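J.:
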């Protein structure tokens, strides 16, 4: 009571003030601005009081309503703002004060008043125009009145009395106009709330049935999507909820069930005077197009709207007696919504409906059959989103049908065929996309390095070639797994029956579906099912199908026909082998003799993705069989791998398969495998002798030998270290050194001492006559000399063996073999052989007595490649010569001296080409003739400028071959200067040739180590260093004057 008194004391002052101002307005003496201020005070006080629960009651509401009624009486003379505030205050006392205790007569008056003020052009106001706020407040008041009626049957009966039906119709029409046509979103929301309250809490079945056509017509326009106007989601939700309630109350099967029985006519009369058979027939015919348009709202992205639409569709499904024609489209919409919603509530409701009603289950089967039949057509469309949606819808419909307990044998077989065709269609490339032809030869494909040997054991998606395929195939895979979870026996039987007979994309699709479903069945069987006694046979069937997949995969990977296997089919075969290995565990070791060789062969494919799959398969093999790594896997099984390779090489097999497998073995196992390959390499040598007329095979075999050489050179015993490089210094200890002042003085002293010694010998006394015969003297001298020679003659020391004899001998034999094929007609083979020698040279140089004879053997063929027609072969030859000079040192001096004129001529031609490419119309300016050649030699200045331009923009001034040849030539000359003692005149030529590139630190360091003064002089002439400045005190000149004086 105290609290109520406190509220009254708070409300009294503003209400009294408002009453006084309202009375003055009645006498036409009031101030409108003062009225607005008093209304704001009342509105704020009411809001403050209403914020506390149960603070207002009906008595306080009556007290507050009195001044408000005074304002409403003079509504024609007050501003719109005053009416807005009045309705806001009225809404508060309706919601928190009167609630369900409002008097029916007062409620009727409020409905009439608010209906008037909610119209777009209300009559009786001071202004001809209304506002959105006024209409919104009026609609809120209507909602509160309707909500109050739900708690008072007396109020509800009074509002729905026959005399009030016309006014109620006017109110409904006004509310619908605001829902559909109001410009303000707040007004639309308020109108939708008011309509929902009226339909659900006030209207009787007769009123609902009577106004159903008008409400449906207006709300259908509201719910039909339009690009010009986007509706608020709350408006859509409340519109759908209102329709749902109307349909359930007037068209539900529970309501219309008795209309077919004549004996319940009296009950019908008491239930409704409007709803009868004729009315239902009329409603069914008129509502079908409306329902079709309403269902289009499913295109919205709002989940709350979709949930409301699903409830509407469920309601229509419960009205099938009347709306039978609309049931199929509503069920289809429900399935679509279920496939889009992650929430399982709607799906559960649909599943319950299907399981309880056989007619709905039959309707679901018809819908699913239609979708399945139309799927191939949709899969041929260009819109990938449409494909994904339809597959998802089929999956949802199938899951609901299975959960209802319906027999799906026919549907399962139909789905398997359709899914196979759908995958085949998806795998076909787009119409505008051309097939990518891989023109790389086998040798080029073997350049792919096996990287990341400890890669993951997870495969990528095997069939995805275009980005658009990924999501489609994932959806198909999900559906296939769902089908196989229920009917794996049927699915696997249908797929395995046609797998070997099908071709092309159809075979790939069949293989892919069977593999995925079998893998899922096996993975589910290895979980909690292992601890269950009950066995449904799925796991045993899946094991049988896996064995079939394993055999089929081996057939694919070992196929030696001329037709190239599809990489996607090979990728699936690799996955099948890996799955079989995982399931078998260490028992798979017995299968390695059949499975390991084809996987290694697939590793040499030009397809990077297939190579990655092969590597992943090997990792799974190693893990399943208990090997620490793939390297151990190869080494432990090297015996039958090498036997298989040698067997193919010795069986007149000219296919590249055996060399490719051997290369991958060496790549994977590294140097540890080489000691086991001696016999296999002999087979390669024999194949070279037998098939030297097959250029591609020869090139392929040498590529394999090159890889063997690369791995062999990595052995620690053959690696070149810093200490090894220091041992090579003995080859060039006698290099020429420039004469210094001290050296010249010492040389003169030696000359003087020698002349003095000769003079002293000449004036020496004559030797006396011999005391014994000359013959005996000669014999004694001979004996003494022989004894001295015997003492000086060393004992023969046997040649020490090379490090790692087996591997070293292998590298030496491979290097020697190259001399017979260097003149080959294949430029790529010539380049490959030169690179092979470059690879083996550092390792072979560790044993001098083998390395130097090898140089003597290979040198003629190597030098002959300087006249090659291919620039990159010449460049590789120059690189090889530079490496030989680095590792052989002084042994190369004579050979370099013989080669020097040719190198000079090559330098002059290359330099002239560079200058000409930069200055094509120079007409010989800046050129001089060399005394050793007839080629025009460009001056260092012109060449330096040309090199600067080429360095700045290489693509504009020279081609790649010229730059490559120039770089290799400079490298060869630098290596010769650095590692070989040259004659002074040859060194001068080298300095002149390298003068344009003295900015390079490595080149300048190599020349300065030989003769720093000569390098400084050349740089001084070229303007790259400044001349020395004489001292300011002129010490030399003053000293000269003193001496002269």
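In the numbering used here, the protein residues as written are 103 to 1147.
Where is the CB? At the ideal position from N, CA and C, for every residue including glycine.
None of these values were measured; they are calculated from a predicted model.
With a 10 Å radius around its C-beta and 16 neighbouring C-beta atoms as the bar for buried, classify residue 996 as buried or exposed.
T.: Here residue 996 refers to the residue found at position 894 when the chain shown is read from its first residue. Classification of residue 996: exposed, given that the 10 Å Cβ count is below 16.
J.: Spatial neighbours of residue 308 within its chain, please: CB distance less than 7 Å, with the 5 preceding and 5 following residues excluded, ordered by chain position.
T.: Indexing the chain shown from 1 puts residue 308 at position 206. Cβ neighbours of residue 308 beyond the five flanking positions: 374, 375, 376.
J.: Can you list, in chain order, the stretches of the beta strand (DSSP E) that have 3 or more residues and sit fully within the stretch 1062 to 1104?
T.: Counting whole runs of 3 or more residues, the stretch 1062 to 1104 contains no beta strand (DSSP E) stretch at all.
J.: From which residue to which residue does the alpha helix (DSSP H) around residue 572 run?
T.: By 1-based counting over the chain shown, the position of residue 572 is 470. It spans 569 to 601 - the alpha helix (DSSP H) in which residue 572 sits, taken as one unbroken run.
J.: Starting from residue 243, follow the alpha helix (DSSP H) in both directions and report where the run begins and ends.
T.: Numbered from 1 along the chain shown, position 141 holds the residue referred to as residue 243. Run containing residue 243: 234 to 251, per the alpha helix (DSSP H) assignment.
J.: Would residue 566 and residue 489 be called neighbours here (beta carbons separated by less than 8 Å)?
T.: Translated into positions along the chain shown, residue 566 becomes position 464. Translated into positions along the chain shown, residue 489 becomes position 387. Not closer than 8 Å, so no.
J.: Given 8 Å as the limit, is there contact between the stretch 524 to 532 and the stretch 677 to 687, that is, 3 or more CB pairs closer than that?
T.: Touching, no, given that fewer than three Cβ pairs across the two stretches are closer than 8 Å.
J.: Determine the burial state of residue 761: buried for a count of at least 16 other Cβ atoms within 10 Å of its Cβ, exposed for fewer.
T.: By one-based count along the chain shown, residue 761 stands at place 659. Label assigned to residue 761: buried.
J.: Considering only the beta carbon of each residue, do residue 270 and residue 317 sit closer than 8 Å?
T.: Within the chain shown, the letter at position 168 stands for residue 270. Within the chain shown, the letter at position 215 stands for residue 317. Result no, Cβ atoms of residue 270 and residue 317 do not sit closer than 8 Å.
J.: Indicate the three-state DSSP secondary structure (helix, strand or coil) for residue 1127 in the structure shown.
T.: The residue you call residue 1127 lines up with position 1025 of the chain shown. Note: residue 1127 maps to coil in three-state DSSP.
J.: Determine contact between the stretch 146 to 163 and the stretch 206 to 216, defined as no fewer than three beta-carbon pairs at a distance below 8 Å.
T.: Short answer: they don't touch.
J.: Check whether the Cβ atoms of residue 1011 and residue 982 lie closer than 8 Å to each other.
T.: The residue given as residue 1011 occupies position 909 in the chain shown. The residue given as residue 982 occupies position 880 in the chain shown. Contact flag unset, no.
J.: Could you compute how far the alpha carbon of residue 608 sits from the alpha carbon of residue 934?
T.: For this step, residue 608 is matched to residue 506 along the chain shown. For this step, residue 934 is matched to residue 832 along the chain shown. Residue 608 and residue 934: Cα-Cα distance of roughly 42 Å.
J.: Which class does residue 1000 belong to by DSSP, given the choice of helix, strand or coil?
T.: The count along the chain shown starts at 1 and reaches residue 1000 at position 898. Of the three classes helix, strand and coil, the one that applies to residue 1000 here is helix, per DSSP.
J.: In or out: residue 56 buried (at least 16 other Cβ within 10 Å) or exposed?
T.: In the structure as shown, the chain starts at 103 and stops at 1147, and residue 56 therefore has no counterpart that could be examined.
J.: Can you look up residue 284 in the DSSP assignment and give me helix, strand or coil?
T.: As a first step, residue 284 must be located in the chain shown, where it is residue number 182. Residue 284 falls in the coil class under three-state DSSP.
J.: Does DSSP classify residue 181 as helix, strand or coil?
T.: By one-based count along the chain shown, residue 181 stands at place 79. Here residue 181 sits in coil by DSSP.
J.: Using a Cβ-Cβ cutoff of less than 8 Å, which residues in the same chain neighbour residue 1156 once the five nearest sequence positions on both sides are dropped?
T.: Any question about residue 1156 goes unanswered here, given that the chain covers just 103 to 1147.
J.: If we count the other Cβ atoms within 10 Å of its Cβ and call it buried at 16 or more, is residue 104 buried or exposed?
T.: On the chain shown, position 2 is the one that residue 104 refers to. So residue 104 counts as exposed.
J.: Taking buried to mean at least 16 other C-beta atoms within 10 Å of its own C-beta, is residue 804 buried or exposed?
T.: Here residue 804 refers to the residue found at position 702 of the chain shown. Burial call: buried.
J.: Can you give the Cα-Cα distance for residue 931 and residue 924, rounded to whole angstroms?
T.: Looking up residue 931 in the chain shown gives position 829. Looking up residue 924 in the chain shown gives position 822. Each residue's alpha carbon lies about 8 Å from the other.
J.: Using the Cβ count rule (16 or more neighbours within 10 Å means buried), how would you classify residue 304?
T.: Taking the chain shown and counting its residues from 1, the one referred to as residue 304 is at position 202. It is buried - the Cβ of residue 304 has at least 16 other Cβ atoms within 10 Å.
J.: Taking residue 421 and residue 354 to be in contact with their CB atoms under 8 Å, please state how far apart those CB atoms are, rounded to whole angstroms.
T.: By 1-based counting over the chain shown, the position of residue 421 is 319. By 1-based counting over the chain shown, the position of residue 354 is 252. That belief holds up - the Cβ atoms of residue 421 and residue 354 are roughly 6 Å apart, short of 8 Å.
J.: When burial is assigned at 16 or more other CB atoms within 10 Å of the CB, is residue 408 buried or exposed?
T.: In the chain shown, counting from the first residue as 1, residue 408 sits at position 306. Buried: at least 16 other Cβ atoms inside 10 Å.
J.: If you drop the 5 nearest sequence neighbours on each side, which residues of the same chain put their C-beta closer than 6 Å to that of residue 392?
T.: Stepping through the chain shown from its first residue, residue 392 is reached at position 290. 318, 322, listed in sequence order.
J.: Out of curiosity, what's the CA-to-CA distance linking residue 701 and residue 677?
T.: Locating residue 701 in the chain shown gives position 599, counting from the first residue. Locating residue 677 in the chain shown gives position 575, counting from the first residue. Distance between the alpha carbons of residue 701 and residue 677: 11 Å.
J.: Starting from the C-beta of residue 482, find all residues in its chain whose C-beta is less than 8 Å away, skip the five residues before and the five after it, and write them out in chain order.
T.: Start at 1 with the first residue of the chain shown, and residue 482 comes out as number 380. So the list reads 527, once near-sequence residues are dropped.
J.: Leaving out five residues on either side along the sequence, give the residues of the same chain with a beta carbon under 6 Å from the beta carbon of residue 462.
T.: As a first step, residue 462 must be located in the chain shown, where it is residue number 360. 455, 456.
J.: DSSP on residue 402, reduced to helix/strand/coil?
T.: Here residue 402 refers to the residue found at position 300 of the chain shown. Coil, per DSSP.
J.: Using the C-alpha atoms, what's the distance from residue 1107 back to residue 1090?
T.: As a working mapping, residue 1090 is identified with position 988 in the chain shown. As a working mapping, residue 1107 is identified with position 1005 in the chain shown. When rounded, the distance between both Cα atoms is 15 Å.
J.: Would you tell me roughly how many angstroms separate the C-alpha atoms of residue 295 and residue 118, rounded to the nearest one?
T.: For the purposes of this step, residue 295 is identified with residue 193 of the chain shown, where counting begins at 1. For the purposes of this step, residue 118 is identified with residue 16 of the chain shown, where counting begins at 1. Rounded to whole angstroms, residue 295 to residue 118 spans 33 Å at the Cα level.
J.: On a CA-only basis, which of 998, 1066, 769 is nearest residue 1016? Give me that one, please.
T.: Here residue 1016 refers to the residue found at position 914 when the chain shown is read from its first residue. Selected option, being the one with the closest Cα: 1066.
J.: Is the number of C-beta pairs between the stretch 229 to 241 and the stretch 282 to 292 that are closer than 8 Å three or more?
T.: The answer is yes - the stretch 282 to 292 touches the stretch 229 to 241, with three or more Cβ pairs under 8 Å.
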